[in-house]
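These notes concern the structure reproduced below.
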Amino acid sequence: MMRIYSLFLLGLLLPAFLRAQCAPPEAEALLFGNEMQAMIKSGGDGFWGFKFYDAALFNQASPLESEALWLGGKTPDGQLRVAAQTFGRKNGQHGYHPGPLPQGEGPLDSAYCAQWDRLWSVRGMDIQAHIADFEDNGIIDEPIDAILQWPARGNPHFLEQFGFELPEDENGLAPFADLDEDGWYEPMEGDYPSVEATDAIPAQIIWTVFNDAQGQSSIVDTPPMNMEVQRTVWTLGCGGHPLDRTIFVDFKVINRSPTTLDSMHLAIFNSFKIGCSLIEYVGSSPDHHAFFTYDWQNTQPVECGQNEHPGFGENPPVLATVFLNHPMTSFTYHNLNKHSEKSRPKKSQHCFNYMTARWRDGTPLTAIGDGYWGTAPVTSFAFYGNPNNLSEWSMRSETIYNDYSNFKGVGSTWLGSLAPGEAKEVHTARLYVREPGLNHMENVNAMYGQLDALHEGYADRFATACEQQICETDCVWPGDTNKDGIANHYDLLPIAAWQGTTGPERSGFFWAPQLAAPWSGTQVSGQNLKHADANGDGTIDLQDARVCGLNLGKALSDYIPPAANYPSGPDLLIKGFGNAPPWSDVFNQNNQLANKINIDLREIPGLAALAFTLEFDTGYVKNISTLYLDEDFFPIRIEPDRTLFYRERIEEGAIDIAVAHPDESVPLSGEIIRIFLSLLPEEDLPGDQVEFRIKNPWGIMFDGTYILLGANTRTFFTEEQPISTDNEQIAPLHLFPNPTIGQLHVQFPGQQVEQLEVWNSTGQAVRRAQGPFHEQHTLDLSGLPAGLYTLRARMEMGIWVEKVVMR
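The sequence shown lines up with residues -20 to -1, 1 to 787 when you count with mature numbering (1 follows the signal peptide of the UniProt record, and there is no 0).
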């Protein structure tokens, strides 16, 4: 009785305290599968869009704008309780905040919320390595951080890893495989993260926990439910099976209030974005416990307009949300018409109505027209017919047109009553269907078959549906085409050299050890050509570069960066603004367009591609831009005449650049890239000159041979312009003989010169002498070709420029 009383006080007093204390959730983590990725958020935010990829990896559209969890129920005296949100962080309304609800230990404060504002993620390859490590000798010889950090019940390493204790509760925390069945997570004794629904090793698992006790949502006007939600998001890697395009989301809902909640419903709110606004439809399949979205036309713009997500182009996909272990008991939809009872919810009762097959005003959903017909047959499922059959009820058969942006859907399952401390689990999935060659309506038909297979696989714990492909030797890590242990710009080189080569296909785009049959052929380095087929479509072509960009920076644990090399030579030329000094090496503090750097390549017959890193002194550059890339294509841009890889690392003083060429008959030469730089404020600059140099410039020939290229080093100055004059009477610098055949004597009476440089007409520094020098200095210019040069002297008064003639 005392415990119930304490929980009762917690339920009454704690929420108001939390509202004032907990900051909005901020954590996020990327979820990967074989053919998709999604950004997972902490708190109650579900997906903020996710992307599924075909072999071209070109389209960046997402079939879903946002997703959120809705909960609703009633107290024993009939009072409504709702926890819900729609766009969460996007509109600053948070129905949930991070962390479990304690069993009366409170109070919860901002520090408590902050320490739980995180997502725990583990990859399948780490789980497999952990299992193999333990099976080898019964000892974990090489502990993996993600395994040791997993927030499962009783983890003895958690406090050391994160600085706070895990709560002890009979409902547990993150799911795990308990090898000795003692109920405690002991990773050093072989336990590992897992999910309840399958014995297969997921490709990735992400776990988080949140509650509604401190919710701040504009669509909820009832007291908090005091509900704790543990969410597990996971994917499978099944070697090209439709399950590779499925995201699983498991919810464990725990009643932390002191009273039983009846008429409990759990619902998934989806803001669909299958294409551009106004051309998408929604529907449901009660037999499959699913609701879905599709397009009413087969071709949609790739660019949808201002403030719009990209479209899918031709043959758009279908996205279905599926309930797996509970029946879907209703599906409703609404739009953004502010003057309609079919519009967005504004309070708790509206949310609960949408969770229980009613419109916002409580009118029952009816199976005719748009569903808002009071005298028609009542239904629990909006548009339950197959849209391919115009005799069945669907948006397509009713030719419904949406004048108010994209549709929102709410699919719900009835949970009944939930006693204090009781937990119920709801397993759901997001199924993406876009089969090659099928149009928008044929993809809907394909969805029904894949829903059948999904439910059959779930019933079988995916034992037969998912053939797990575990690679142990010569694995393909997509994007690491040269097999040096990292996906970076140098991986463009093998793609360019071996483009057009074909071999066996394989599955998997993301950074994991992929099983792949060997190809007939090897790179010059001895690696099998299968590694250069980054997207696994059986053909090496420049589209493979997109996978290098997708997995950019991913590296194996034993990767060792190569030694830095700065070879000097004529192959690559760093040039400044203009065509000749003195104006080509001075940065303008206020004009970014004047701070232009070109990198030119001399013609090298047979060159297929080159890659290098442009390095510069840190502390000078605020931002960088280039004409050749925009955000949609970053870091890869594929054009008919070349493919460009570009990645800035301003804080490290580096830009990674690679260029590949599709046609051996047309030489790769001339301007490689043009870069514009903005400087930091003058008072923040560490000095007045910035050196640019090219590190590890490698090229590859069309026969696969690597060549080391040579480049120049270039110094740019931050003064707005050099000081120069033709008036010999006031000139501080005197040169003789000028013209000269070798020795050049430079006099500067009463002055000190910090540095002397001689530049040729193409903007290269051909001689440099580092001071300080007092009164005079002699430069040896012997060996320079005849022509006009420029002498630059860095003095206290600025940069003095004089012309020099070589004979």
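By construction, the Cβ of each residue, glycine as well, lies at the ideal position given by its N, Cα and C atoms. As the structure is a computational prediction, the values presented were derived from the model and not from experiment.
For the beta strand (DSSP E) containing residue i, list its first residue and its last residue.
i           : result
residue 104 : Element bounds for residue 104: not the beta strand (DSSP E) but the alpha helix (DSSP H), 104 to 117.
residue 92  : Taken as a continuous stretch (DSSP letters only), residue 92 belongs to no beta strand (DSSP E), being part of the alpha helix (DSSP H) at 90 to 96.
residue 539 : Careful: residue 539 lies outside any beta strand (DSSP E) and carries neither H nor E.
residue 723 : 723 to 739
residue 411 : 403 to 413
residue 634 : 634 to 640
residue 549 : 548 to 555
residue 655 : 650 to 659
Can you list, in chain order, the residues of its chain whose CB lies under 7 Å from that of residue i, leaving out five sequence neighbours each side?
i           : result
residue 121 : 113
residue 349 : 378
residue 663 : none
Hey, out of the options, whose CA is closest to residue i's CA?
i           : options               : result
residue 228 : 301, 159, 199 and 163 : 301
residue 182 : 125, 11 and 295       : 11
residue 293 : 134, 254 and 322      : 254
residue 6   : 78, 464, 233 and 416  : 78
residue 638 : 598, 581, 605 and 498 : 581
residue 755 : 22, 44, 730 and 519   : 730
residue 673 : 270, 264, 554 and 412 : 554
residue 195 : 64, 186, 111 and 323  : 64
residue 242 : 116, 648 and 400      : 400
residue 404 : 393, 413, 411 and 410 : 393
residue 445 : 435, 454 and 97       : 435
residue 505 : 767, 491 and 478      : 478
residue 800 : 307, 223 and 685      : Only positions -20 to 787 of the chain appear in this structure, which leaves residue 800 out of reach.
residue 26  : 526, 48 and 44        : 48
residue 199 : 456, 340, 758 and 82  : 340
residue 386 : 625, 44, 744 and 763  : 44
residue 21  : 9, 13 and 15          : 9
residue 501 : 687, 599, 627 and 482 : 482
residue 316 : 165, 324 and 309      : 324
residue 327 : 552, 61 and 765       : 61
residue 726 : 746, 760 and 80       : 760
Assuming residue i is part of the alpha helix (DSSP H), what are its boundary residues?
i           : result
residue 527 : 525 to 530
residue 475 : 472 to 477
residue 426 : 420 to 439
residue 140 : 138 to 142
residue 275 : It is not in any alpha helix (DSSP H) - residue 275 instead sits in the beta strand (DSSP E) that spans 270 to 275.
residue 127 : 125 to 128
By how many angstroms is the C-alpha of residue j removed from the C-alpha of residue i?
i           : j           : result
residue 494 : residue 458 : 8 Å
residue 475 : residue 545 : 23 Å
residue 588 : residue 740 : 30 Å
residue 216 : residue 149 : 29 Å
residue 106 : residue 69  : 31 Å
residue 709 : residue 723 : With a pLDDT of only 43 at residue 709, under 50, the local geometry of the prediction cannot be trusted, and no value is derived from it.
residue 335 : residue 468 : 48 Å
residue 191 : residue 496 : 44 Å
residue 713 : residue 542 : 45 Å
residue 670 : residue 601 : 9 Å
residue 773 : residue 640 : 40 Å
residue 111 : residue 174 : 12 Å
residue 630 : residue 152 : 44 Å
residue 787 : residue 696 : 28 Å
residue 682 : residue 735 : 43 Å
residue 98  : residue 188 : 7 Å
residue 231 : residue 406 : 5 Å
residue 92  : residue 202 : 24 Å
residue 538 : residue 66  : 43 Å
Excluding the 5 residues flanking residue i on each side, which residues of the same chain have their C-beta closer than 6 Å to its C-beta?
i           : result
residue 634 : 593 and 595
residue 529 : 615 and 616
residue 381 : none
residue 771 : 738, 782 and 784
residue 126 : 102 and 106
residue 704 : Low per-residue confidence applies at residue 704: pLDDT is 48, beneath 50, and the placement is therefore not dependable enough to give any value.
residue 744 : 692
Looking only at its chain, what residues have a beta carbon closer than 8 Å to the beta carbon of residue i, apart from the 5 residues adjacent to it on each side?
i           : result
residue 338 : 312, 344 and 345
Within the 7 Å Cβ cut-off, does residue i reach chain D?
i           : result
residue 205 : Any reference to chain D falls outside this structure, which holds one protein chain only.
Worksheet entry | Within the stretch 160 to 244, ranges of the beta strand (DSSP E) (whole runs, at least 3 residues) | As far as the stretch 160 to 244 is concerned, its whole beta strand (DSSP E) runs of at least 3 residues are 184 to 191, 207 to 215 and 226 to 235.
Worksheet entry | Residue ranges of each alpha helix (DSSP H) within the stretch 328 to 394, 4 or longer | Within the stretch 328 to 394, the runs of alpha helix (DSSP H) that reach at least 4 residues and sit entirely inside it are, in chain order, 328 to 335 and 375 to 378.
Item to complete: Note down, one range per segment and in chain order, each alpha helix (DSSP H) of at least 4 residues found wholly within the stretch 439 to 472.
Response: Runs found: none.
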